[in-house]
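Colleague:
The following block contains the structure:
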């Protein structure tokens, strides 16, 4: 595997970052929340311009990396559109995107969109999914709606990993931005006659957040490689990434809010939007505890594949 | 990492299995046989060309890739560092002498290190110069053709068993405290050196105080230029930038736990098993962060702040995994040799982990380096760095 994305994918991500900025940047999510029905028109043309729908993440490793970079850039701007979910679409179903679902009330950020969706459970059961009309305002739902599922087949084993990994790249982009916003804030905001950034208590909070973000970045690339490699561990690797991403998000957003103080709650601060729109990604399809339980269950006694995983315990020669 | 690295890993594991006692927990126990085991193991590695694998061929090394070096670092730490104290001579004393030493110093010091025959200690920290290393006060005063050194070092690992000391001393006072420091290569058998062991949580023969009372050395013992030792020390710290592969021991013990507990594993509290799984994720995270630093090191573009996230993550992993493992070991009822060995390994890991956020640059220093890096650069867009081949 490679530790970092290819230069081509990284460059594509940078182009996407600029394209989203030119299309409205931080305003996109504000406009989408005011009128959820507009978000297709707000975002889809940008994605078309970027050639997103020509990407074949399932069939080409380089294009999977490009898709990941695109998701990350979308997360950076909190782009109000299921970019990762659309890029994860399965080729063998006549749908526009793929959602990984779990729990008794499957849901996704689909309010205001009229696309065709497939859903897959963690054990590979696929359905055709229809978004119910949301009875909750976008301001409180963060554009999440419940889904009606119509069972299709049980052929989704290959869909689960990619369906879990790409949204984590979106969340990673959100963590990039949250730390960037917090950093810029502490450099300019003065208290007691000094920028906040000179106080070590502030610096250390920022570094704790960055350590978490860096870890997600490393695991995101690993999980992507696992998908590219069609590894039998791809779902476990995706769950490991998801656990780290969701737990990191809790730390990063808590730190960012703390450093912003009251301003961070205000809608004039982008952090307020980023924070609330990160929440569906953190909760769906599984929150932190449920992700950890699923990972633990799958890990069994063998654990994650690593330096000492094959066979378990052999290097110690221990036995019961 | 490639076939060569995989083969090397297998070879090292076989050597560990064949040549170390099954209950080996490092060189610094009360049992002299453990120190002897590490000395023998070093010489075995040397004979097979594995001790100084990373050294350039002109100094008897194998010119190994960064990834092969990584494998050595991982396997040695995972198995309680069977090179004992000698890893320091191999990892950074030798390479620093290669870069700054005179021809005489190179011919005197490099061959014994390469043969696995010599132990070095590091005379850096002082009672009032720990994280603030440049505040060191041990003084070297010129007296005709000799230098007279007096002062005190503390937390000096391996000083009781070392033959040589890589010593930092103040030779003048400049505008900045980093100026006027010189490196001396000092034989520990010299008159004027007294070592007092400090019994500690990490073993009875690890930490020491070292007192220098009018120790006399000459210009031939100076490494590099007089007063410019701080730059040399910075290079030493750069060799240590990736540091110990702590994640490897964590991962090995975590993976060994289910087999060690046998049927009792399934009776563990569910939350404890989830904490175990989380630690495995953190092991992978730390390992990947290490690999990223190593890859950037290979391109010559790693800066101190870039290594800091790894250093912070791995030291926290060390302590967090030790807590989880101690709790898991507490649920073992087996009394056999294998069970006892697992308990001892876990206990040893827990004790060593107490120091992991302090040793080789405290976690606070790593956070300061990282904060400096974060706050001085540009904004933080999604990463766009170059492709770095691991395999």
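Chains as they are written, first to last, in this note's numbering: chain B, -9 to 310; chain R, 151 to 541.
C-beta: ideal position from N, C-alpha, C; glycine also.
All values derive from a computational prediction rather than experimental measurement.
Suppose you measure from the CA of residue 274 of chain R to the CA of residue 282 of chain R; what does that come to, to the nearest Å?
Modeller: As a first step, residue 274 of chain R is located in the second chain; it is residue number 124 there, counting from the start. As a first step, residue 282 of chain R is located in the second chain; it is residue number 132 there, counting from the start. Looking at the two C-alpha atoms, the distance is approximately 11 Å.
Colleague: Distance check for residue 31 of chain B and residue 46 of chain B, CA to CA, integer angstroms please.
Modeller: Residue 46 of chain B sits at position 56 when you count from the first residue of the first chain. Residue 31 of chain B sits at position 41 when you count from the first residue of the first chain. Cα to Cα, the separation comes out at about 23 Å.
Colleague: According to a CB-to-CB cut-off of less than 7 Å, which residues of the region 427 to 454 of chain R neighbour chain B?
Modeller: If the cut-off is 7 Å between Cβ atoms, the region 427 to 454 of chain R has 427, 428, 430, 431, 433, 434, 435, 438, 439, 441, 442, 445 near chain B.
Colleague: Going by C-alpha to C-alpha distance, which of B/-8, B/210, B/292 sits closest to residue 165 of chain B?
Modeller: By 1-based counting over the first chain, the position of residue 165 of chain B is 175. The candidate whose alpha carbon is nearest that of residue 165 of chain B is B/210.
Colleague: Check the Cβ of residue 501 of chain R against every Cβ in chain B and list those closer than 7 Å, keeping chain order.
Modeller: Locating residue 501 of chain R in the second chain gives position 351, where the first residue counts as 1. Neighbours of residue 501 of chain R on chain B: none; closest Cβ ~18 Å, over 7 Å.
Colleague: Which one or two residues does DSSP pair with residue 184 of chain B in a beta bridge?
Modeller: Here the question's residue 184 of chain B lines up with position 194 in the first chain. Paired residue(s): B/181.
Colleague: Quick check: what's the CA-CA separation for residue 476 of chain R versus residue 276 of chain B?
Modeller: Taking the first residue of the second chain as position 1, residue 476 of chain R is located at position 326. Taking the first residue of the first chain as position 1, residue 276 of chain B is located at position 286. Between residue 476 of chain R and residue 276 of chain B, the C-alpha separation is close to 30 Å.
Colleague: By how many angstroms is the C-alpha of residue 151 of chain R removed from the C-alpha of residue 541 of chain R?
Modeller: If you number the second chain from 1, residue 541 of chain R lands on position 391. If you number the second chain from 1, residue 151 of chain R lands on position 1. The predicted model places residue 541 of chain R with a pLDDT of 26, which falls under 50 and marks its position as unreliable; any figure quoted below should be read in that light. About 4 Å.
Colleague: If you draw a straight line from the alpha carbon of residue 199 of chain B to that of residue 180 of chain B, how long is it in whole angstroms?
Modeller: Within the first chain, residue 199 of chain B is the residue found at index 209, counting from 1. Within the first chain, residue 180 of chain B is the residue found at index 190, counting from 1. So the alpha carbons of these two residues sit roughly 21 Å apart.
Colleague: Any beta-carbon of chain R closer than 8 Å to the one on residue 57 of chain B?
Modeller: As a first step, residue 57 of chain B must be located in the first chain, where it is residue number 67. No, no contact with chain R.
Colleague: What does DSSP give as the partner residues of residue 300 of chain R in its beta bridges?
Modeller: Working through the second chain from its first residue, we reach residue 300 of chain R at position 150. Partner(s): R/289.
Colleague: Helix, strand or coil for residue 202 of chain R per DSSP?
Modeller: For the purposes of this step, residue 202 of chain R is taken as the residue at position 52 of the second chain. Reduced to three states, the DSSP call for residue 202 of chain R is coil.
Colleague: At least one CB of chain B closer than 8 Å to the CB of residue 311 of chain R: is that the case?
Modeller: Working through the second chain from its first residue, we reach residue 311 of chain R at position 161. Closer than 8 Å: no.
Colleague: So does the region 241 to 250 of chain B actually touch the region 213 to 230 of chain B, counting three or more Cβ pairs closer than 8 Å?
Modeller: No, the region 241 to 250 of chain B is not in contact with the region 213 to 230 of chain B.
Colleague: Between residue 475 of chain R and chain B, is any beta-carbon pair separated by less than 8 Å?
Modeller: Translated into the one-based positions of the second chain, residue 475 of chain R becomes position 325. Not an interface residue.
Colleague: In or out: residue 469 of chain R buried (at least 16 other Cβ within 10 Å) or exposed?
Modeller: Here residue 469 of chain R is taken as the residue at index 319 of the second chain, counted from 1. Buried.
Colleague: What are the residues of the region 396 to 409 of chain R that lie near chain B, defined by any Cβ-Cβ distance shorter than 9 Å?
Modeller: Cβ contacts with chain B come from 397, 398, 401, 402, 403, 404, 405, 406, 407, 408, 409.
Colleague: Bridge partners of residue 109 of chain B, per DSSP?
Modeller: Here residue 109 of chain B refers to the residue found at position 119 when the first chain is read from its first residue. Paired residue(s): B/89, B/117.
Colleague: Just checking: is the beta-carbon of residue 207 of chain R within a distance shorter than 8 Å of some beta-carbon in chain B?
Modeller: Counting from one through the second chain, the residue named residue 207 of chain R turns up at place 57. No, because no Cβ of chain B sits closer than 8 Å to the Cβ of residue 207 of chain R.
Colleague: When the cut-off is 8 Å and only beta carbons count, does residue 276 of chain B lie next to chain R?
Modeller: Mapped onto the first chain, residue 276 of chain B falls at position 286. False, the Cβ-Cβ gap to chain R never drops below 8 Å.
Colleague: Using a Cβ-Cβ cutoff of less than 6 Å, which residues in the same chain neighbour residue 176 of chain B once the five nearest sequence positions on both sides are dropped?
Modeller: The residue labelled residue 176 of chain B in the question sits at position 186 within the first chain. Within the same chain, residue 176 of chain B has close Cβ partners 186, 187, 192, 249.
Colleague: I'd like to know whether the C-beta of residue 243 of chain B is nearer than 8 Å to at least one C-beta of chain R.
Modeller: Reading the first chain from its first residue, position 253 is the one you call residue 243 of chain B. No, because no Cβ of chain R sits closer than 8 Å to the Cβ of residue 243 of chain B.
Colleague: Taking 8 Å as the threshold (beta carbon to beta carbon), is residue 394 of chain R in contact with chain B?
Modeller: As a working note, residue 394 of chain R is residue 244 in the second chain. No, residue 394 of chain R does not count as interfacial toward chain B.
Colleague: State buried or exposed for residue 368 of chain R, treating a residue as buried only when at least 16 other CB atoms are found within 10 Å of its CB.
Modeller: Sequence index remark: in the second chain, residue 368 of chain R carries index 218 (1-based). Its Cβ having fewer than 16 others within 10 Å, residue 368 of chain R is exposed.
Colleague: Write down the C-beta distance between residue 439 of chain R and residue 208 of chain B rounded to the nearest angstrom, noting that I regard them as a contact closer than 8 Å.
Modeller: As a working note, residue 439 of chain R is residue 289 in the second chain. As a working note, residue 208 of chain B is residue 218 in the first chain. About 5 Å; that satisfies the 8 Å criterion.
Colleague: Would you tell me roughly how many angstroms separate the C-alpha atoms of residue 251 of chain B and residue 201 of chain B, rounded to the nearest one?
Modeller: Counting from one through the first chain, the residue named residue 251 of chain B turns up at place 261. Counting from one through the first chain, the residue named residue 201 of chain B turns up at place 211. One C-alpha to the other measures close to 22 Å.
Colleague: Under the criterion of a Cβ to heavy atom distance below 7 Å, does residue 338 of chain R qualify as lining the ligand MN?
Modeller: With respect to small molecules bound, the structure shown includes none, and the ligand MN cannot be examined in it.
Colleague: Please list, in chain order, all residues of the same chain as residue 281 of chain B whose beta carbon is under 8 Å from its beta carbon, the five residues on each side excluded.
Modeller: If you number the first chain from 1, residue 281 of chain B lands on position 291. Here the set comprises 229, 232, 233, 236.
Colleague: What residues of chain B sit near residue 457 of chain R, judged by a beta carbon separation below 8 Å?
Modeller: Residue numbering aside, residue 457 of chain R sits at position 307 when the second chain is read from its first letter. Residues of chain B passing the Cβ test: none, with the nearest at roughly 11 Å.
Colleague: On a Cα-Cα basis, can you pick out the residue from R/422, R/405, R/423, R/312 that is closest to residue 343 of chain R?
Modeller: Against the second chain, residue 343 of chain R aligns to sequence position 193. Checking every option, the nearest Cα to that of residue 343 of chain R belongs to R/312.
Colleague: Please compile the residues from chain R whose C-beta is within a distance smaller than 7 Å of the C-beta of residue 291 of chain B.
Modeller: Reading the first chain from its first residue, position 301 is the one you call residue 291 of chain B. Residues of chain R passing the Cβ test: 408, 415.
Colleague: Would you kindly check if the distance between the Cβ of residue 173 of chain B and the Cβ of residue 196 of chain B is under 8 Å?
Modeller: Position 206 of the first chain holds residue 196 of chain B. Position 183 of the first chain holds residue 173 of chain B. Going by C-beta atoms, residue 196 of chain B is nearer than 8 Å to residue 173 of chain B.
Colleague: Where does the unbroken beta strand (DSSP E) through residue 141 of chain B begin, and where does it stop?
Modeller: Here residue 141 of chain B is taken as the residue at index 151 of the first chain, counted from 1. Note, residue 141 of chain B: beta strand (DSSP E), 135 to 143.
Colleague: I'd like the span of the beta strand (DSSP E) that includes residue 329 of chain R, first residue to last.
Modeller: Along the second chain, one-based indexing puts residue 329 of chain R at 179. Looking at the DSSP string, residue 329 of chain R is not in any beta strand (DSSP E), and its letter there is neither H nor E.
Colleague: Could you give the distance in angstroms between the alpha-carbon of residue 217 of chain R and the alpha-carbon of residue 178 of chain R?
Modeller: Locating residue 217 of chain R in the second chain gives position 67, counting from the first residue. Locating residue 178 of chain R in the second chain gives position 28, counting from the first residue. Distance between the alpha carbons of residue 217 of chain R and residue 178 of chain R is about 28 Å.
Colleague: To the nearest angstrom, report how far apart residue 335 of chain R and residue 455 of chain R are at their CA atoms.
Modeller: For the purposes of this step, residue 335 of chain R is taken as the residue at position 185 of the second chain. For the purposes of this step, residue 455 of chain R is taken as the residue at position 305 of the second chain. C-alpha separation (whole angstroms): 30 Å.
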